[in-house]
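Residue numbering for the sequence shown follows UniProt numbering, beginning at 1 and increasing consecutively.
Glycine residues also receive a C-beta, built at the ideal position from the N, C-alpha and C atoms.
On a predicted model such as this, the values are computed, not experimentally measured, just so you know.
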Amino acid sequence: MLTIENSQIKVGINTNAGGAITYLTFVNDHGGLVKTQNMVSNPVLGGRTDLGRQIQIGLYGGPYDYSQNGNPAWIGLGWNPIQAGDVNFNPAQVLLVEKQDNLLHTKTIPKQFAFNNEPGEATIEHWVRLDGNVVKVHVKVELSRSDKTQYEARQQEFPCVYLTGDYHNMWLYNGASPYTNGSLSLERIQPPSTMLFGDVFPTEPWMASTNDNGYGVGLYSPGNYEFKRGYFGSDLGGDETSTVASYIAATNKVIFDYNLVHEWDYELILGHLNDIRSYVYNKTHSPAGPNFLFDTSRKGWTYYHVTDTGWPIAGKLHMLLDDATNARVLSPFVFWKGRNNPKIYLKAAFNTQSDKFRLKWRRSDDVTLYGTSDRIMEFPVINDGKYHIYTIDLSSNDDWLNANIGQIAFEPVTDKAQPNAWAEFAWVASTIDGPTVDATDPPTPCVPGCALVGVKKIQYIPSNRKR
Numbered sequence: 001m002l003t004i005e006n007s008q009i010k011v012g013i014n015t016n017a018g019g020a021i022t023y024l025t026f027v028n029d030h031g032g033l034v035k036t037q038n039m040v041s042n043p044v045l046g047g048r049t050d051l052g053r054q055i056q057i058g059l060y061g062g063p064y065d066y067s068q069n070g071n072p073a074w075i076g077l078g079w080n081p082i083q084a085g086d087v088n089f090n091p092a093q094v095l096l097v098e099k100q101d102n103l104l105h106t107k108t109i110p111k112q113f114a115f116n117n118e119p120g121e122a123t124i125e126h127w128v129r130l131d132g133n134v135v136k137v138h139v140k141v142e143l144s145r146s147d148k149t150q151y152e153a154r155q156q157e158f159p160c161v162y163l164t165g166d167y168h169n170m171w172l173y174n175g176a177s178p179y180t181n182g183s184l185s186l187e188r189i190q191p192p193s194t195m196l197f198g199d200v201f202p203t204e205p206w207m208a209s210t211n212d213n214g215y216g217v218g219l220y221s222p223g224n225y226e227f228k229r230g231y232f233g234s235d236l237g238g239d240e241t242s243t244v245a246s247y248i249a250a251t252n253k254v255i256f257d258y259n260l261v262h263e264w265d266y267e268l269i270l271g272h273l274n275d276i277r278s279y280v281y282n283k284t285h286s287p288a289g290p291n292f293l294f295d296t297s298r299k300g301w302t303y304y305h306v307t308d309t310g311w312p313i314a315g316k317l318h319m320l321l322d323d324a325t326n327a328r329v330l331s332p333f334v335f336w337k338g339r340n341n342p343k344i345y346l347k348a349a350f351n352t353q354s355d356k357f358r359l360k361w362r363r364s365d366d367v368t369l370y371g372t373s374d375r376i377m378e379f380p381v382i383n384d385g386k387y388h389i390y391t392i393d394l395s396s397n398d399d400w401l402n403a404n405i406g407q408i409a410f411e412p413v414t415d416k417a418q419p420n421a422w423a424e425f426a427w428v429a430s431t432i433d434g435p436t437v438d439a440t441d442p443p444t445p446c447v448p449g450c451a452l453v454g455v456k457k458i459q460y461i462p463s464n465r466k467r
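Spelled out as structure tokens, the structure:
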């Protein structure tokens, strides 16, 4: 295990677990309010470490029947390489490890979790550094799948955070007034139940797992409002080798192109719940309305019964709408006040047989996109294949103005398939001038002078099995 530490916290990665984060602790016990032992769950089963826990990246793609010939307990899991290793205790192959005084860097070929020693056709790279009581992580995923099908987006684990049973209180804010220190929601297992698991939709982009004194770990995922939480076991304690664990994860949906390169950041904040929340409040807040420029990526947008022309994205989303009766283009989860966004502007080109498109919205407290009459508005489009800026005027729609918006979607208004139909989106914004360019400097993955510890050539060697 390689570690870095400062006066407040210590973090470690383990090459016997694919370079995933396997160690995280406070340096001092804050007056006996928190333990200084490892918080990360690393269960030991029959003398071997379960590689499905830890703090790690989990990738999820299609097809769903990919895992049908794998471990029978995981049929339906689909294409699922994870950073640490597989269900048969085989660790992922670490290609390189680098360490500085305040930097840990690994690059790994993940393992298909449901199979025995099956490499995923991908690499997962992360750069881990400390800043006070915060672990800052930059992640880069590169796919090189032989299956070039563009499957529908699935929820990812970007990352998942498994902690020991001491940290059994899982907190989030899902109210209507984010960034006002409103009351938090507590998710906690109720014994004798032995499992808690499912989606939650905070309206502030973070969650935390704490002990009964309010100390623990916050997961801050900038711009993300789609999480999961869970608890495994009925005991409310245990050390890192116990199978009892709490779970929080940033689970935003991503379309996995066969050749996708995807980078993002997350942060682990160690401290009291109040300190965790205060830290997030001091970060740059997400835009208060639509602000999507499709220059080099999909910006979190996904499709249902739609495909596009694939990665890389070059200034537009060119979407194929042959299955127009079912086609839908969806934003990521957001939090906007409808009344603060009386108009939405869409720069788009259309070549369809529909003279109207439909805007749908999910309220922030809806569990899905219902599409009922109080959550839709239709608008005319011009099918000349040229770009126009469309104004979707919601200023007289009380159903929109009085709602807290959690997601929007666009779809053709039609009752028939439309072979060769397409649409192109250049941007979606809250002003006619288009999106505000994000001036934030991209993070530097690895500062000069990283000391190389080990390097291996990438090879994908599939297991000997039939699919």
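- Of the residues Asp365, Ile432, His126, Gly371, the one whose Cα lies closest to the Cα of Ala403 is Asp365.
- Taking each of Asp275, Asp415, Ile57 in turn and checking the Cα distance to Glu263, the smallest one comes out for Ile57.
- Comparing C-alpha distances from Arg375 to each of Ile405, Thr391, Asn351, Ser354 shows the shortest one belongs to Ile405.
- Going by DSSP, Asp399 is part of the alpha helix (DSSP H) stretching over 398 to 401.
- Put simply, of Glu226, Gln112, Phe201, Gln83 the residue whose alpha carbon is nearest the alpha carbon of Ser67 is Gln112.
- Ranked by how close their Cα comes to the Cα of Trp206, the residues Ala245, Leu346, Glu226 have Glu226 in first place.
- Between Leu236 and Gly165 the beta-carbon gap is near 6 angstroms, inside 8 angstroms, which marks them as a contact.
- The beta carbon of Leu24 lies closer than 6 angstroms to those of Val11, Met39, Val40 in the same chain, with the five residues before and after it left out.
- Pro91 and Gly85 have their alpha carbons spaced roughly 4 angstroms apart.
- Rounded to the nearest whole angstrom, the CA to CA distance from Val381 to Thr108 is 47 angstroms.
- In the structure shown, Gly338 falls within a helical segment according to DSSP collapsed to helix, strand and coil.
- Remark: fewer than three beta-carbon pairs, one from each stretch, lie closer than 8 angstroms, so the segment 246 to 254 and the segment 64 to 78 are not flagged as touching.
- DSSP places Asp275 inside the alpha helix (DSSP H), whose first and last residues are 273 to 281.
- Cβ-Cβ separation between Leu104 and Val128: approximately 4 angstroms, consistent with a contact (criterion under 8 angstroms).
- Taken through DSSP and simplified to helix, strand or coil, Tyr304 comes out as strand.
- Looking at the backbone, the Cα of Lys416 and that of Phe410 are separated by about 17 angstroms.
- In this structure Leu321 does not touch Gln407 by the C-beta definition: roughly 20 angstroms separates them, more than the 8 angstroms allowed.
- In this structure, Phe333 is the residue among Phe333, Gln83, Ala153, Leu260 with its C-alpha nearest to the C-alpha of Val367.
- The criterion of a C-beta distance shorter than 8 angstroms is not satisfied by Thr15 and Val137.
- In the displayed model, Asp65 falls within a helix according to three-state DSSP.
- Here Thr15 carries a helix assignment [DSSP, helix/strand/coil].
- Cβ contact annotation for Gln155 (same chain, cutoff 6 angstroms, sequence separation greater than five): Thr251, Lys253, in chain order.
- Closest in alpha carbon position to Gly238, among Val44, Leu359, Met377, is Val44.
- For the pair Asn211 and His30, the Cα-to-Cα distance works out to about 13 angstroms.
- Cβ-Cβ separation between Leu186 and Asn169: approximately 6 angstroms, consistent with a contact (criterion under 8 angstroms).
- Asp433 carries a coil assignment under DSSP once its states are collapsed to helix, strand and coil.
- Residues Lys107, Lys140 of the same chain have their beta carbon placed closer than 6 angstroms to that of Glu125, with the five preceding and five following residues left out of the count.
- Ile109 is bridged by DSSP to Gln93.
- Across the structure, Asn341 and Cys160 are spaced so that their CA atoms are roughly 33 angstroms apart.
- When secondary structure is reduced to three states using DSSP, Asp199 falls in the strand class.
- Under the three-state reduction of DSSP output, Arg188 falls in the coil class, being neither helix nor strand.
- Residue environment for Val306: buried (at least 16 other C-beta atoms within 10 angstroms of its C-beta).
- Taking the C-beta atoms as reference points, Lys347 is found nearer than 8 angstroms to Gly434.
- Leu394 and Thr352 have their alpha carbons spaced roughly 24 angstroms apart.
- For Thr309, the closest C-alpha among the options Arg328, Asn181, Pro72, Gln150 is that of Gln150.
- Assigned with DSSP and collapsed to three states, Arg53 falls in coil, not helix or strand.
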